[in-house]
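Participant: The structure that follows is given in the form of structure tokens.
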Amino acid sequence: MLSLADLAPTPIARIFVATHRGEGGAGLTIWVKRDDRVGSLYGGNKVRKLEHLLADAKARGARRLLTVGAAGSHQVVATALFGEVHGFEVEAVLVPQPSSPHARENLRVALDHGLRAVPVRAWAAAPFAVASRLAAARLRAEDVAFIPLGGSNVLGSLGFASAARELARQIADGAMPEPDLVVVAMGSGGTAAGLAAGLAREGLHRTRVVGVAISHPVSALSLASRRLAFATARAIGLSRRASLAAAARIEVDGAFVGRGYGHVTAAGSRATELAAREGIVLDPAYTAKAFAAALARAEASPSSCVLFWHTLSTVPLPSTARRALTPAMERLFRPA
Ligand SMILES: *Cc1c(COP(=O)(O)O)cnc(C)c1O
């Protein structure tokens, strides 16, 4: 494993969210796992995944990394930043997404840190672009390590099985009670899958994992995350039966997606405002929707202990040359 999460164990904060301002201080208690600062170079949930993914690439002798994602993907910028530090050439197949200043800045920083971008027109074209890059590399006898969408495969999820161990230690040390729910934004499912497998290994049996879907279709996401949880649980040595139980801990909540990936929702905007008052910074595409779900869960069941797993990086991005995006890169952003 490469050590990229150099600030772990990340703190657990207890926040009181004032949901009814000026009405006698009504509000909700939410616990927050501050993975937004898990690395000093970059934070958020891609860091723990990349510790395993980059170590594996290095062990296999790969000099180049190929990945895929939306144009402003956190996974792409994280891979570009950590890949550069560890001497990899990084290439990414990029798919158009709704424009936002945050997404555009991610791409600009990734490009400034050496990312080679391969733009395609739609998600349907991405697998072909990936396959052709990998085939071309094979012809040149080059070793390219492919990092899947969101860094979600068993290797990536191992990072979150370890994160569950970190949480178990913090609970044992009295940082918080055993949660009833861990609420996490769900894009490709690897974070929730790793947590579910790891929580099962640690014997934290009361904790369920709520993956808050941030794109459609929700049913496919549910299936994929449970499959990955099962495979990850097997990889960390759990029995077949315990691995099935680990997968069954995941509940996918599709009530907060709104129109789809990258589209702002009213509940998300409200959650962002409430969190900001407690010093928690959220993004519209992922964590706003997940935090809205965490608030709804806490509201529906005030006695339950809800842990929001913060998956966004809030580490300031390394300064960039601020070059304008080329027209080809501009075409990757559509009016929101
Ligand atoms: C990538 C990402 C997610 C989704 O994580 P998965 O493991 O793909 O489900 C959630 N939140 C943020 C901020 C992300 O960048």
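Position 128, counted from 1, in the sequence shown is what this note's numbering calls 128; the numbers after and before it change by one each time, with no gaps.
Note that the Cβ used here is the ideal one computed from N, Cα and C, for glycine as well.
Of all the options 168, 61, 286, 242, which has the alpha carbon lying nearest to the alpha carbon of residue 256?
Facilitator: By one-based count along the sequence shown, residue 256 stands at place 256. Out of 168, 61, 286, 242, 286 has the C-alpha closest to the C-alpha of residue 256.
Participant: So what does residue 211 bridge to, in DSSP terms?
Facilitator: Here residue 211 corresponds to residue number 211 of the sequence shown, with the count starting at 1. According to DSSP, residue 211 bridges with 184, 252.
Participant: CA-CA distance, residue 234 and residue 157?
Facilitator: Translated into the one-based positions of the sequence shown, residue 234 becomes position 234. Translated into the one-based positions of the sequence shown, residue 157 becomes position 157. C-alpha separation (whole angstroms): 12 Å.
Participant: DSSP three-state label for residue 101, please.
Facilitator: Working through the sequence shown from its first residue, we reach residue 101 at position 101. Helix.
Participant: Using only CA atoms, which one of 111, 60, 64, 86 lies nearest to residue 74?
Facilitator: Position 74 of the sequence shown, counting from 1, holds the residue named residue 74. For residue 74, the nearest C-alpha among the options comes from 111.
Participant: Could you name the residues that DSSP lists as bridge partners for residue 30?
Facilitator: Numbered from its first residue, the sequence shown carries residue 30 at position 30. Looking at the DSSP assignment, residue 30 forms a beta bridge with 15.
Participant: Any idea what DSSP makes of residue 204, helix, strand or coil?
Facilitator: Position 204 of the sequence shown, counting from 1, holds the residue named residue 204. In the structure shown, residue 204 sits in coil (DSSP, three-state: anything other than H, G, I, E or B).
Participant: For residue 147, which three-state DSSP category applies?
Facilitator: Taking the sequence shown and counting its residues from 1, the one referred to as residue 147 is at position 147. DSSP places residue 147 in strand when its eight states are reduced to three.
Participant: Would a check of beta-carbon distances place residue 141 closer than 8 Å to chain D?
Facilitator: This model lacks chain D altogether; it includes just one protein chain.
Participant: Taking only heavy atoms of ligand 1 into account, decide whether any of them is closer than 7 Å to the Cβ of residue 153.
Facilitator: Numbered from its first residue, the sequence shown carries residue 153 at position 153. Every heavy atom of ligand 1 is 7 Å or more from the Cβ of residue 153, so no.
Participant: Return yes when the C-beta of residue 191 is under 7 Å from any heavy atom of ligand 1, and no when it is not.
Facilitator: By one-based count along the sequence shown, residue 191 stands at place 191. At least one heavy atom of ligand 1 is nearer than 7 Å to the Cβ of residue 191, so yes.
Participant: Buried or exposed: residue 35, going by 16 or more other Cβ atoms within 10 Å of its Cβ?
Facilitator: Position 35 of the sequence shown, counted from the start, is the residue given in the question as residue 35. When all chains shown are included, residue 35 counts as buried.
Participant: Tell me which residues share the same chain as residue 278 and place their Cβ nearer than 7 Å to its Cβ, disregarding the 5 neighbours each side in the sequence.
Facilitator: Indexing the sequence shown from 1 puts residue 278 at position 278. Contacts found: 15, 17.
Participant: Which of the three DSSP states, helix, strand or coil, is assigned to residue 61?
Facilitator: Looking up residue 61 in the sequence shown gives position 61. Coil, per DSSP.
Participant: With a cut-off of 8 Å, do at least 3 Cβ pairs link the region 317-335 to the region 90-103?
Facilitator: At 8 Å Cβ cutoff, the stretches touch.
Participant: Relative to the C-alpha of residue 200, which candidate in 184, 250, 152, 218 has its C-alpha closest?
Facilitator: On the sequence shown, residue 200 is found 200 positions in, with the first residue counted as 1. Ranking the options by Cα distance to residue 200, first place goes to 250.
Participant: Whole angstroms are fine: how far does the CA of residue 294 sit from the CA of residue 7?
Facilitator: Locating residue 7 in the sequence shown gives position 7, where the first residue counts as 1. Locating residue 294 in the sequence shown gives position 294, where the first residue counts as 1. Straight-line Cα distance between these residues: approximately 25 Å.
Participant: What would DSSP say about residue 66, mapped onto helix, strand or coil?
Facilitator: Start at 1 with the first residue of the sequence shown, and residue 66 comes out as number 66. Looking at residue 66 - three-state DSSP - the assignment turns out to be strand.
Participant: DSSP three-state label for residue 334, please.
Facilitator: As a position in the sequence shown, residue 334 is number 334, starting the count at 1. It is a strand residue.
Participant: Out of 322, 326, 149, state which residue places its alpha-carbon closest to the alpha-carbon of residue 225.
Facilitator: Working through the sequence shown from its first residue, we reach residue 225 at position 225. The candidate whose alpha carbon is nearest that of residue 225 is 149.
Participant: CA-CA distance, residue 178 and residue 13?
Facilitator: Within the sequence shown, the letter at position 178 stands for residue 178. Within the sequence shown, the letter at position 13 stands for residue 13. Cα to Cα, residue 178 sits roughly 14 Å from residue 13.
Participant: Along the chain, where does the alpha helix (DSSP H) that runs through residue 127 open and close?
Facilitator: As a working note, residue 127 is residue 127 in the sequence shown. Looking at the DSSP string, the run of the alpha helix (DSSP H) that includes residue 127 is 126-139.
Participant: If you drop the 5 nearest sequence neighbours on each side, which residues of the same chain put their C-beta closer than 6 Å to that of residue 309?
Facilitator: In the sequence shown, residue 309 corresponds to position 309, counting from 1. 33, 182, 184.
Participant: What does the Cβ neighbour count give for residue 87, buried or exposed, with the cut at 16 atoms within 10 Å?
Facilitator: The residue given as residue 87 occupies position 87 in the sequence shown. By the 10 Å Cβ count, residue 87 comes out exposed.
Participant: Enumerate in chain order the residues of its own chain whose CB-to-CB distance from residue 27 is below 8 Å, with the five nearest sequence positions on each side excluded.
Facilitator: In the sequence shown, the residue the question calls residue 27 occupies position 27. Answer for residue 27: 16, 17, 18, 19, 20, listed in chain order.
Participant: Output the boundary residues of the beta strand (DSSP E) element that contains residue 218.
Facilitator: Position 218 of the sequence shown, counted from the first residue, corresponds to residue 218. Counting along the chain, residue 218 falls outside any beta strand (DSSP E), though it belongs to the alpha helix (DSSP H) covering 218-235.
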